[in-house]
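J.:
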Amino acid sequence: MKWFEGDTASAVQTAKAKQTVFLVYITGDDEMSKSMDATWSDETVSKACEDNGWVSLQLKANSEACAQFSAIYPVVCVPCVFFIGSNGMPIEITPGSQEPQQLISIFNKVARQHQSQALLVPQLPVEPKVDPPKEDPPKEDLPREEEAQTSNEASKEVLTAAEQASLDDKVERAKILIEQKREAKARKEMEEMKRKEKERIELGKNLNKLRELKAEQEQKEVMEGWKKEKEEAKAARERVKQQIAQDRAVRAAKTVAAKAENKTALSSNEKKPPVKSDIVRIQFRMSDGTAVTQNFSPNDTLQDAHNFLSQRVPGHSFQLSTAFPKRVFTSNDFSQSLVDLDLAPSALLIVLLGARGATSTSSSDASGIVGFVMMLLGPLFSIWNFLMGFLLGAPPAVNQNAQVPPPSRTEDQSEFSNESSQPSTRPKSASGLRSRQEGNIRRMRNPDDSDDDNATWNGNSTQQM
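UniProt numbering numbers the first residue of the sequence shown as 1 and each following residue consecutively.
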C-alpha cells in the first residue's frame, strides 16, 4: 500500500485540490492492527485505492498527529479507517479488522456516496472582480443581489444540516457496528471458554478412566502375582514332599540293603568253616597291667586255660572275660573248646582277680563288677609302676610278656610254677632301696632309715605314718 508521505495538513490540501476522498488509517500494536496491516498489504486493496485516486494517510494511534486528528474526528477504536469527503465530512468510518474483499466493497460504497454528494452540492458562480462603480447601481439591481445572497445562505444551511445528519448517522452506525463486533467477540470468547471447559471436563473424564484402568491393571497384576506366588509355593511344597518321599525311600532301601548285608554277613559267618590252625594264642592280661601269652591246641577247653593261669596266681580266685564283645566266662563254659568259644586263632582274656581263698566259681554278677573295675584301674597301676621304677631306680620287673616257645605244655606249666614259687621280693638297688609287691600294693623300704622315717606307699601315692 502506497501511503501519503507528508503531514496531515498537506494531505488535506491535496485531497481538496483533487476533489477526492481523504482516507485516514489509524493503526496500533495489537493483533487486530497487525491483521489489518496485512489486509492493506494485499495487492488488490492497493490497486483499488490507487484506481480511485484517493489520498491515503496512515497514523499511529500513539502519535501526536493522531491526537490532533482525533480532536476533530473522534477515534472510537483502533484500528479504524476514516473516509472523509472533499467537503470535510466523514463518508464512512470502518472500525476493526477487515478482510481484503470486505474492504474493497467498502471502497466501492464510499466511491458511490462521494459521487452522489458531489452531484448534490450546487456549484456557486465565481464573481469576477469588478471595480466598484463610481455611480450608485440602479435601484432595480438591489433586489436581485439580495435574492441571490439569500438563496446561497439557504443552500448552505440545507447542506450543513444534511451533512450533520449524515455524520450523526455514520457515528451511530459505527457505534452499533463496534458494539456488534464487541458482542460477537464476547460470544466467541464465551464459546471458546465453553469449548475449553468441555475439553477440560472431557479430559478429566478421560484421566479418571485412565486412572481406573491403571488401578484395575495394577490390581490385576497384584492378583496374578499373588496367584503365581501361591502356585510357586504349592509347587515348592510338592517338590519338598517328593524330595522327602525320595529320601525316605532311599533310606528305606539303604536300611533294607544294610539288613540284607548284615544277614549275608551273619550267614557267611555262620557258614564259615572252622579255622584250620594248630595253635591258639591266648594272651592273659592281669589287673596290674602285666600280660602272659600262652599257646594252646584248638581242641583244648577253657578249663585248660584256667588251669594254666591258676598256676600263675596261686591262692587267688579269678574269672576270665573278653572285652569285645563283653563276656564273662563261667564254670559252664569250661567244658567248651576254645574254637567253640570263638577264641581261635588268637584272643585276649582279661583276668579278674577275686578275694584270696574264695572259690573260682563265685557269683558271676559280683565277679563281673569287680573285673570291670579292675580292668579300668589296671592301666593306671601299670603306669604308676613304670614311673616308680623309673624315678626310684628300681630294676625293671621280669618280662612276663615274653613269648614262650611252643614246646610241650608240661614244661611251660613247670616253668611258670617255678617262677610263681620264687619270692616276689626284689633285690636291693644301688641306692639301698628294697621293694616288695603284694598283690596290687608295692612296698618300698630303706634299711638305712630309722623306724620313725619308715613310710608306706600305696598305689595312690599316699604316705601313711
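Note that CB positions come from ideal geometry on N, CA and C, so glycine has one too.
Values in this document were obtained by computation on a predicted structure and should not be read as measured data.
In three-state terms, what does DSSP make of Lys326?
T.: Translated into the one-based positions of the sequence shown, residue 326 becomes position 326. Three-state result, Lys326: coil.
J.: Using the Cβ count rule (16 or more neighbours within 10 Å means buried), how would you classify Leu207?
T.: Within the sequence shown, numbered from 1, the residue matching residue 207 stands at position 207. Flag for Leu207 reads exposed.
J.: Helix or strand or just coil, what does DSSP make of Ser97?
T.: Against the sequence shown, residue 97 aligns to sequence position 97. Looking at Ser97 - three-state DSSP - the assignment turns out to be coil, as it is neither helix nor strand.
J.: At what residues does the beta strand (DSSP E) containing Val279 begin and finish?
T.: Position 279 of the sequence shown, counted from the start, is the residue given in the question as residue 279. It should be pointed out that residue 279 corresponds to Ile in this sequence rather than to Val. First-last for Ile279: undefined, no H or E at that position.
J.: Output yes or no for whether 8 Å exceeds the beta carbon distance between Leu348 and Gln283.
T.: Translated into positions along the sequence shown, residue 348 becomes position 348. Translated into positions along the sequence shown, residue 283 becomes position 283. Cβ distance < 8 Å, so Leu348 and Gln283 count as in contact.
J.: Could you give the residue range of the beta strand (DSSP E) that holds Asn295?
T.: Locating residue 295 in the sequence shown gives position 295, counting from the first residue. Its beta strand (DSSP E) spans residues Ala291 to Phe296.
J.: Measure from the alpha carbon of Asp300 to the alpha carbon of each residue in Lys254, Ser35 and Phe334, then state which is nearest.
T.: The residue given as residue 300 occupies position 300 in the sequence shown. When only C-alpha atoms are compared, the closest one is Phe334.
J.: Can you list, in chain order, the residues of its chain whose CB lies under 7 Å from that of Tyr73, leaving out five sequence neighbours each side?
T.: Reading the sequence shown from its first residue, position 73 is the one you call residue 73. Contacts found: Phe82 and Pro90.
J.: Let me know the secondary structure DSSP gives residue 488 once reduced to three states.
T.: What is shown of the chain runs 1 to 465, which leaves residue 488 out entirely.
J.: Rounded to whole angstroms, what is the Cα-Cα separation between Phe22 and Val12?
T.: In the sequence shown, residue 22 corresponds to position 22, counting from 1. In the sequence shown, residue 12 corresponds to position 12, counting from 1. If I take the Cα positions, the gap works out to 7 Å.
J.: What residue range does the alpha helix (DSSP H) around Phe4 cover?
T.: Numbered from 1 along the sequence shown, position 4 holds the residue referred to as residue 4. Note, Phe4: premise wrong, no alpha helix (DSSP H); not H, not E.
J.: Could you give the first and the last residue of the continuous beta strand (DSSP E) run that contains Val81?
T.: Within the sequence shown, the letter at position 81 stands for residue 81. Note, Val81: beta strand (DSSP E), Cys80 to Ile84.
J.: Cutting at 7 Å between CB atoms, please list the residues of its own chain near Lys60, excluding the five before and the five after it.
T.: For the purposes of this step, residue 60 is taken as residue 60 along the sequence shown, with counting starting at 1. Within the same chain, Lys60 has close Cβ partners Thr27 and Cys66.
J.: Within the chosen definition, does the segment 173-183 reach the segment 91-108 through at least 3 CB pairs nearer than 8 Å?
T.: At 8 Å Cβ cutoff, the stretches touch.
J.: Pull up the distance between the alpha-carbon of Glu5 and that of Lys109, whole angstroms please.
T.: Residue mapping note: residue 5 aligns to position 5 of the sequence shown, counting from 1. Residue mapping note: residue 109 aligns to position 109 of the sequence shown, counting from 1. Rounded to the nearest angstrom, the two C-alpha atoms are 26 Å apart.
J.: Buried or exposed: where does Phe308 fall if 16 or more other Cβ atoms within 10 Å of its Cβ makes it buried?
T.: Your numbering for residue 308 matches position 308 in the sequence shown. Buried, because 16 or more other Cβ atoms sit within 10 Å of the Cβ of Phe308.
J.: Taking Cβ to Cβ, would you say Asn296 is nearer than 8 Å to Val280?
T.: Against the sequence shown, residue 296 aligns to sequence position 296. Against the sequence shown, residue 280 aligns to sequence position 280. As written in the sequence, residue 296 is Phe, which differs from the Asn given in the question. Going by C-beta atoms, Phe296 is nearer than 8 Å to Val280.
J.: Near Ala15, which residues of its chain fall below 6 Å by C-beta distance, leaving aside the five closest residues on each side in sequence?
T.: Residue 15 sits at position 15 when you count from the first residue of the sequence shown. Closer than 6 Å at the Cβ level, and outside the excluded window around Ala15, lie Phe22 and Val55.
J.: Please report the straight-line C-alpha distance between Asp278 and Leu341, rounded to a whole angstrom.
T.: Counting from 1 along the sequence shown, the entry for residue 278 is found at position 278. Counting from 1 along the sequence shown, the entry for residue 341 is found at position 341. C-alpha separation (whole angstroms): 16 Å.
J.: Within the same chain, show all residues whose beta-carbon is closer than 6 Å to that of Gln117, passing over the 5 residues directly before and after it, in chain order.
T.: Translated into the one-based positions of the sequence shown, residue 117 becomes position 117. So the list reads Gly85, once near-sequence residues are dropped.
J.: Does DSSP put Pro90 in a helix, a strand or coil?
T.: Position 90 of the sequence shown holds residue 90. Three-state DSSP puts Pro90 in a strand.
J.: For Val222, does the three-state DSSP call read helix, strand or coil?
T.: By one-based count along the sequence shown, residue 222 stands at place 222. Reduced to three states, the DSSP call for Val222 is helix.
J.: For Arg327, I'd like the list of residues in its chain whose CB is within less than 7 Å of its CB, leaving aside the five on either flank, ordered along the chain.
T.: Position 327 of the sequence shown, counting from 1, holds the residue named residue 327. Once the five neighbours on either side are set aside, the close Cβ partners of Arg327 are Ser321.
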